[in-house]
Amino acid sequence: MTSTLPARIDQTRIANRAALIEVIGGYMASQALALAAELKIADHVHAGVTASADLASATATHAPSLHRLLRTLVAIGLLAEPEPDRFALTEVGEQLRTDSPNSLWAFTRFFTNPTLFSSWQQVKHTITTGECAFDHVHGKNIYVHLAENPELSALFNVAMGQESRVSAELVADGYDYADVRRIVDVGGGDGTLLSAILGAHPHLTGVCFDSAAGVAEAAGVLAAAGVSERCEVVAGDFFESVPGGGDLYIIKSVFQDWDDENARKLLRTVRASMPADATLLIVGSVLPDRANTDNPVMFYTDINMLVTAGGRERTEGQFRALLADAGFIVESVGHGAAGPLSLITARPAV
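In the UniProt record's numbering, the protein residues as written are 1 to 350.
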């Protein structure tokens, strides 16, 4: 006679164990993803190279070992295996193509880079001291490191542009620019956001403002979008000053990079430079007051900012407090108005 556990208990325990083991193996999945991006597996599969032996030849890898990597990529949802040893891209995997309009190839390459991974290996240092692990490991902050490593900096700029594409379209379509003439994009990076806005609204002009390393690729992005004649690219330090004369000042995905002291300093710099009747538009994640599983990426970003840059994501209340301290009045908070990101509009307090 064979005895078994009750089905409910058995299935629950198995599911719970599998869920935890999958999280434990998360670093394996990210490293498999990193290698797939490095080898440009998605490009080869998209071009019709679907058998593991042919892919091994195209990537100069060991065929039996690559076959096992490919099956792992199937397990994590990047590839499918519709028939034995024939691989195809899933919709998620399509984003690993370097030539896809929805590509996250550079984003993948940057965030799985050993430079960042080594910081996460010292996460305990951050949690026990409150200090940034990246600074602890590399002896400098991440932005100094990027400025000193042009190749990694260029990858970072492209990665941020790729991350911004969807939200850029939503910001371009979801805000009323009727009374706006000149936009200053503070921390504008490679100009992806400003390109989308100027492309959708021909009456606008703009300034893409960031550090010299940050705007290194901006001229090319703006030119490719056909808006360079309506946009200046200006390099500078936004803790010291930002261009004046704008009707709308946009800050997207910048505050997460900084602690409260620096975030407040940035806001005060913008407040001092912008006209009294101008508007500030913050585009970024707004954390819920209580953690949940609805949008794990926000919490990943929050802890990653702590580990690699000393920054943080913030709740609506924390944003309101920062803005009030810097001399702003919040007019509205549009939760999820830019896909996973929110829109906060504020004006200088009188």
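Virtual Cβ for every residue (Gly too), placed ideally from N, Cα, C.
Straight-line CA distance for threonine 72 to arginine 17?
Start at 1 with the first residue of the sequence shown, and residue 72 comes out as number 72. Start at 1 with the first residue of the sequence shown, and residue 17 comes out as number 17. For threonine 72 and arginine 17, the distance between alpha carbons rounds to 19 Å.
Please classify alanine 213: does DSSP put it in a helix, a strand, or coil?
On the sequence shown, residue 213 is found 213 positions in, with the first residue counted as 1. The answer is coil: DSSP assigns alanine 213 none of H, G, I, E or B.
Is the Cβ-Cβ distance between leucine 323 and glycine 284 less than 9 Å?
Position 323 of the sequence shown, counted from the first residue, corresponds to residue 323. Position 284 of the sequence shown, counted from the first residue, corresponds to residue 284. Not in contact: leucine 323 and glycine 284 (Cβ atoms no closer than 9 Å).
Alanine 223 vs tryptophan 258 beta-carbon contact at 9 Å:
Locating residue 223 in the sequence shown gives position 223, where the first residue counts as 1. Locating residue 258 in the sequence shown gives position 258, where the first residue counts as 1. In this structure, tryptophan 258 does not lie closer than 9 Å to alanine 223 by Cβ.
Nearest neighbour of glycine 311, chosen from Leu281, Ala263, Gly187 [CA to CA]:
As a position in the sequence shown, residue 311 is number 311, starting the count at 1. That would be Ala263, whose Cα lies nearest to the Cα of glycine 311.
Three Cβ pairs or more, each shorter than 8 Å: is that satisfied between the segment 157-165 and the segment 93-109?
Contact check between the segment 157-165 and the segment 93-109: three or more CB pairs, one atom from each, fall below 8 Å, which counts as touching.
By the 10 Å Cβ neighbour count, where 16 or more other Cβ atoms means buried, how is glycine 161 classified, buried or exposed?
Locating residue 161 in the sequence shown gives position 161, where the first residue counts as 1. By the neighbour-count rule (16 or more Cβ atoms within 10 Å), glycine 161 is buried.
Quick check: the Cα distance between glutamate 261 and valine 180, rounded to an integer number of angstroms?
Taking the sequence shown and counting its residues from 1, one reaches residue 261 at position 261. Taking the sequence shown and counting its residues from 1, one reaches residue 180 at position 180. Distance between the alpha carbons of glutamate 261 and valine 180 is about 30 Å.
Please go through the UniProt domain "O-methyltransferase dimerisation" (22-96) and give each complete alpha helix (DSSP H) segment of 4 or more residues, from N-terminal end onward.
26-39, 41-46, 52-59, 63-75
Nearest-angstrom Cα distance between glycine 206 and valine 137?
Counting from 1 along the sequence shown, the entry for residue 206 is found at position 206. Counting from 1 along the sequence shown, the entry for residue 137 is found at position 137. Looking at the two C-alpha atoms, the distance is approximately 38 Å.
Since lysine 252 is in the beta strand (DSSP E), which residue starts that stretch and which ends it?
Taking the sequence shown and counting its residues from 1, the one referred to as residue 252 is at position 252. Unbroken beta strand (DSSP E) run through lysine 252: 248-252.
Report all residues from its chain with a CB closer than 6 Å to the CB of valine 333; omit the five preceding and five following residues, and keep chain order.
Within the sequence shown, numbered from 1, the residue matching residue 333 stands at position 333. Answer for valine 333: Glu316, Ile344, listed in chain order.
Suppose you measure from the CA of valine 233 to the CA of threonine 128; what does that come to, to the nearest Å?
Residue numbering aside, residue 233 sits at position 233 when the sequence shown is read from its first letter. Residue numbering aside, residue 128 sits at position 128 when the sequence shown is read from its first letter. Roughly 41 Å between the two C-alpha positions.
Count the other C-beta atoms from every protein chain shown that fall within 10 angstroms of the C-beta of proline 243, then say buried if there are 16 or more, exposed otherwise.
Residue mapping note: residue 243 aligns to position 243 of the sequence shown, counting from 1. Burial call: buried.
Per-residue DSSP class, three states only, for leucine 204
In the sequence shown, counting from the first residue as 1, residue 204 sits at position 204. Residue state, collapsed to three classes: coil.
Exposed or buried, methionine 298, counting other C-beta atoms within 10 Å across all chains shown (16 or more means buried)?
Sequence index remark: in the sequence shown, residue 298 carries index 298 (1-based). Its Cβ being crowded by 16 or more others within 10 Å, methionine 298 is buried.
Who does isoleucine 183 pair with in a DSSP beta bridge?
Start at 1 with the first residue of the sequence shown, and residue 183 comes out as number 183. Isoleucine 183 is bridged to Gly206, Leu248.
Can you check which of these residues, Leu152, Ala159, Ala321, is closest to valine 330 by C-alpha distance?
For the purposes of this step, residue 330 is taken as the residue at position 330 of the sequence shown. If we check each option's Cα against that of valine 330, Ala321 comes out closest.
Taking Cβ positions, are valine 144 and valine 270 nearer each other than 9 Å?
As a working note, residue 144 is residue 144 in the sequence shown. As a working note, residue 270 is residue 270 in the sequence shown. For the 9 Å CB-CB criterion, valine 144 and valine 270 do not form a contact.
Closest to proline 275 by C-alpha separation, out of Ala56, Pro348, Asn149, would be which residue?
Within the sequence shown, numbered from 1, the residue matching residue 275 stands at position 275. Of the candidates Ala56, Pro348, Asn149, the one whose C-alpha sits nearest the C-alpha of proline 275 is Pro348.
DSSP state of glutamate 240 mapped onto helix, strand, coil:
Residue 240 sits at position 240 when you count from the first residue of the sequence shown. Here glutamate 240 sits in coil by DSSP.
Kindly indicate the opening and closing residues of the beta strand (DSSP E) around serine 103.
Taking the first residue of the sequence shown as 1, we reach residue 103 at position 103. Unbroken run through serine 103: none, as it is neither H nor E.
Nearest to valine 158 (by Cα), restricted to the options Arg290, Ser52, Gly189, Ala133:
Working through the sequence shown from its first residue, we reach residue 158 at position 158. Nearest C-alpha to valine 158: Gly189.
Are the segment 82-99 and the segment 114-133 in contact at 8 Å, needing three or more beta carbon pairs?
At 8 Å Cβ cutoff, the stretches do not touch.
Exposed or buried, which one is serine 65 when buried takes at least 16 other CB atoms within 10 Å?
In the sequence shown, the residue the question calls residue 65 occupies position 65. Answer is exposed; the Cβ neighbour count stays below 16.
Look at the Cβ atom of alanine 60, then the Cβ atom of arginine 109, and state whether they are nearer than 9 Å.
Counting from one through the sequence shown, the residue named residue 60 turns up at place 60. Counting from one through the sequence shown, the residue named residue 109 turns up at place 109. Pairing alanine 60 with arginine 109 gives a Cβ-Cβ distance that is not under 9 Å.
Ordered along the chain, which non-local residues of its own chain (more than five positions away) have a Cβ less than 7 Å from that of threonine 50?
The residue you call residue 50 lines up with position 50 of the sequence shown. Cβ neighbours of threonine 50 beyond the five flanking positions: Arg86, Phe87, Ala88.
Distance, asparagine 149 Cα to isoleucine 282 Cα
If you number the sequence shown from 1, residue 282 lands on position 282. If you number the sequence shown from 1, residue 149 lands on position 149. Distance between the alpha carbons of isoleucine 282 and asparagine 149: 29 Å.
Minimum C-alpha distance to alanine 178 - residue among Ile197, Gly191, Glu169
In the sequence shown, residue 178 corresponds to position 178, counting from 1. Checking every option, the nearest Cα to that of alanine 178 belongs to Ile197.
Helix, strand or coil: which one does DSSP assign to serine 332?
Start at 1 with the first residue of the sequence shown, and residue 332 comes out as number 332. Strand at serine 332.
Identify, in the order they occur along the chain, each residue of the same chain with its Cβ nearer than 8 Å to the Cβ of alanine 337, setting aside the five sequence neighbours on each side.
As a working note, residue 337 is residue 337 in the sequence shown. Around alanine 337: Leu170, Gly174, Leu343.
Along the chain, where does the alpha helix (DSSP H) containing arginine 320 start, and where does it finish?
Here the question's residue 320 lines up with position 320 in the sequence shown. Looking at the DSSP string, the run of the alpha helix (DSSP H) that includes arginine 320 is 316-325.
Compute the beta-carbon to beta-carbon distance between phenylalanine 239 and leucine 280, rounded to the nearest angstrom, for a pair I have assumed lies under 8 Å.
As a first step, residue 239 must be located in the sequence shown, where it is residue number 239. As a first step, residue 280 must be located in the sequence shown, where it is residue number 280. Going by Cβ atoms, the distance from phenylalanine 239 to leucine 280 rounds to 16 Å, so no, they are not a contact pair.
Alpha-carbon spacing of isoleucine 183 relative to glutamate 217, whole angstroms:
Along the sequence shown, one-based indexing puts residue 183 at 183. Along the sequence shown, one-based indexing puts residue 217 at 217. Here the alpha carbon of isoleucine 183 sits roughly 19 Å from the alpha carbon of glutamate 217.
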